[in-house]
Amino acid sequence: MSMLQRSFAARLACALALVAAAGLLRYALEPWLADNAPFLLFAPAILAAAVLAGPLAASIATGPALLLGLYFAGYRGDGTYNLVEAAVFLLTAAGIVALSQAFERMRKRMHESDRHAARRDAEAALVAEELNLLIDGAQGHAIYLLDAEGRITIWNKGAERLKGWCEDEVVGKESAIFYPPDAVAAGRPAEDLATAVREGRLETEDWRVRKDGSEFLADVSITALRNDDGSLRGFAKIVSDITGRRASEEALRSQQSHLRSILSTVPDAMVVIDDQGLIVSFSAAAERLFGYQEAELLGVNVSRLMPSPDRERHDAYIRRFLETGEKRIIGIGRVVFAERKNGSTFPMELSIGEASSDSHPLFTGFIRDLTERQRTEARLESLQSELIHVSRVSAMGTMASTLAHELNQPLTAVANYVEAIRDLLADPDPADMPMVRDALDDTAKEALRAGHIVRRLRDFVARGEVEKTIEKLPLLINEAAVLGLMGAREKSVEPRFDLDPYASPVLVDKVQIQQVLINLIRNAVEAMADSPVRQLTVTSRPDQRGFVRVIVADTGPGVTPEVAEQLFTAFVSTKAEGMGLGLSICRTIVEANGGRIWMEKRPGGGTEFHFTLVSAKAEEDDVG
Ligand code: ADP
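Each residue of the sequence shown is one higher than the one before, starting from 1 at the first, in full-length UniProt numbering.
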């Protein structure tokens, strides 16, 4: 091998030196050999050169050897005989060179394949080591091999960790030692291997035992390994412990079914949405309430369940909450309107909760249908609305009789005074004038007293004292609308709400303003009784600086000009049973709350009642 590494020049020098040495030796033997066997020593020299310096150096050295041989043979003899010897020498040298070339090639090839083999060995060792590391490191998995008879041949650290036995203890043992006694008795180990042989692979979940005797639920995979000729070589087994996983799956399942059973018994409808407003769950009660199937709504924006304008605004509500954390509805129950699949709307009580799952916020909405409740208590309800009407009438009746009674006195007095004055003036006497003046003074006093009584009564109806608090206007309107609209659905009135969340909060006496709204809504519903289109719209929006405006609009016949003139005056009514006090009380209330109320014609027919309320918003964000 060292020869191969030497440079070609050195090898050539070596070959030439060998020929030179042969030449010197031949020269020394000249006295004995004379001109016999001139090439004798040169053939071994070429052979030695081929062995030591390689075929190429040997073939080059053949040239000088031939010349030297010819020198020893040719220059003293006749040459003929020597030429034959020279040819024999050349052939011999060529044979030697060819042989050595073949030999060289063979040696090179052997050397190459040695190197290849070494490299492959190294690679195989590396792969095997990596594979071992991988198998050993596979947490929770035992990976091992069995021979064709089912005896363990290769066992790894993962298997040791999982099952407790170390390599020395199990190699050569039957894999039946991993089965519980009853499975062994039933012949399961052999059965499993037979299945793997028959089907190529067996996947199963079964109980297995550890060295310490404890049992665990295992996910087992047995693969039959075959030789190229198809004969069975053994089995590869992968076993993992799934006891924990199964237990937590069980726990989760039981929790889920528990939750489902609770939810299915809750009479309220429930809708769960994610932070994008998309519906994640829709309970059976919700399906009944809205007329949708859960499958139709999963992944659909929850705004589908809302009438305008909430439908368009809902995404902004969620965004606002997620950005600011400001809770406008979460954790607070409120009455809002919802829309069914068939497009009809209904009032509902909504409570929203916030839940977090995997850092994604989820919102749960519990919905109580107020109309549903109304329908089940239909009888009670109609009674109730009757009652409201009756009580209103009777309250008015009581008030009217009180009024009549109280007014009786000052009016009788006025009449008496006036009659007395008339008598005195029948026969005018200047001496009576002071008496007439006194009587007129008293008449004026009594008349003022009568006026005072009327005012006091009106104040009493309007509940006199005003208790102002800061209220959310949409909430206030929604609550009042639910009461005002009782029975309106049966009259085919279609309520619409356009409540601007920025027109809130307001500083008002909540009960009084709700009374105003109920009054206006009831008037509107009554006015539309004979109208082809029965649309009631309640709108709220910011008004001039410091105020918000509420508008109750209907598509009724409108107000006649005569009535319009004294609309807010007491005792003006076009209704058979009407007291004509509603609007006058509304005005007293709105004005006592610091606002104004007026009527406008609705464009396209109908009536609009407008009133303003004092905004309770901080001055700075009051613009617009
Ligand atoms: P009442 O309802 O007892 O008649 P109101 O003061 O509430 O008393 O109403 C006075 C009158 O105003 C009603 O009789 C009716 O003629 C008229 N009115 C009130 N609201 C409307 C309306 N939305 N559309 C048409 N007319 C109305």
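A virtual CB, placed ideally from N, CA and C, is assigned to each residue, including glycine.
When DSSP states are grouped into helix, strand and coil, Trp-207 belongs to the strand group. Boundaries of the alpha helix (DSSP H) around Ala-190: 188 to 199.
Closest in alpha carbon position to Met-528, among Gly-558, Pro-180 and Val-548, is Gly-558. Selection Gly-63, Arg-320, Phe-321 and Leu-370 evaluated against Ala-338 yields Leu-370 as nearest (Cα-Cα).
At least one heavy atom of the ligand ADP lies closer than 6 Å to the C-beta of Asp-554.
Beta bridge pairing from DSSP links Thr-223 with Arg-201 and Ala-236. Going by C-alpha positions, Pro-430 is about 57 Å away from Leu-520. DSSP places Asp-441 within a helical segment (H, G or I) once states are collapsed to three.
Selection Thr-607, Glu-526, Ala-128 and Met-433 evaluated against Met-486 yields Glu-526 as nearest (Cα-Cα). Runs of the beta strand (DSSP E) lying entirely within the segment 481 to 550 and spanning at least 3 residues, in chain order: 494 to 499, 506 to 508 and 535 to 542. Residue pairing of Phe-89 in beta bridges, as defined by DSSP: absent, with no partner found. When rounded, the separation of the alpha-carbon atoms in Leu-289 and Ser-254 is 28 Å. When rounded, the separation of the alpha-carbon atoms in Val-563 and Ala-524 is 15 Å. Arg-320 is not bridged by DSSP to any residue.
Less than 7 Å separates the beta-carbon of Lys-157 from that of Asp-136.
Between Gly-244 and Leu-193, the CB-CB gap reaches or exceeds 7 Å. By the beta-carbon neighbour count (other beta carbons within 10 angstroms, threshold 16), Ala-415 is exposed. Relative to the ligand ADP, the beta carbon of Ala-524 is positioned inside 6 Å of a heavy atom. Leu-18 is positioned such that its CB atom lies closer than 7 Å to that of Ala-45. In the three-state reduction of the DSSP assignment, Asn-408 falls in the helix class, which pools H, G and I.
Considering only Ser-615, Met-599, Lys-617 and Gly-556, the residue with the shortest C-alpha distance to Phe-609 is Met-599. At the C-beta level, Arg-208 and Phe-178 come within 7 Å of one another. For Lys-491, the distance from the CB to the nearest heavy atom of the ligand ADP is not below 6 Å.
Within the UniProt domain "PAS" (255 to 325), the complete beta strand (DSSP E) segments of 3 residues or longer fall at 269 to 274 and 279 to 282, listed in chain order. A straight line joining the alpha-carbon of Tyr-292 with that of Ile-453 spans about 59 Å. Within the same chain, Ala-439, Asp-442 and Thr-443 come within 6 Å of Tyr-417 by CB-CB distance, once the 5 residues on both sides are set aside. Phe-39 carries a coil assignment under DSSP once its states are collapsed to helix, strand and coil. Between Ile-60 and Ala-13 the beta-carbon gap is near 11 Å, outside 8 Å, which marks them as no contact. The beta carbon of Met-306 sits closer than 7 Å to the beta carbons of His-314, Ala-338 and Glu-339 from its chain, once the five residues preceding and following it are set aside; these are given in chain order. Residue pairing by DSSP places Gly-353 opposite Thr-364 in a beta bridge.
Inter-residue distance for Ala-218 and Glu-169 is about 21 Å (C-alpha atoms, whole angstroms).
For Thr-574, the secondary structure class from DSSP, reduced to helix, strand or coil, is coil.
Each of Ala-148, Val-184 and Tyr-144 was checked against the Cα of Trp-165, and the nearest Cα belongs to Tyr-144.
Contact annotation: Val-538 and Ile-470 have beta-carbon atoms that are not nearer than 7 Å.
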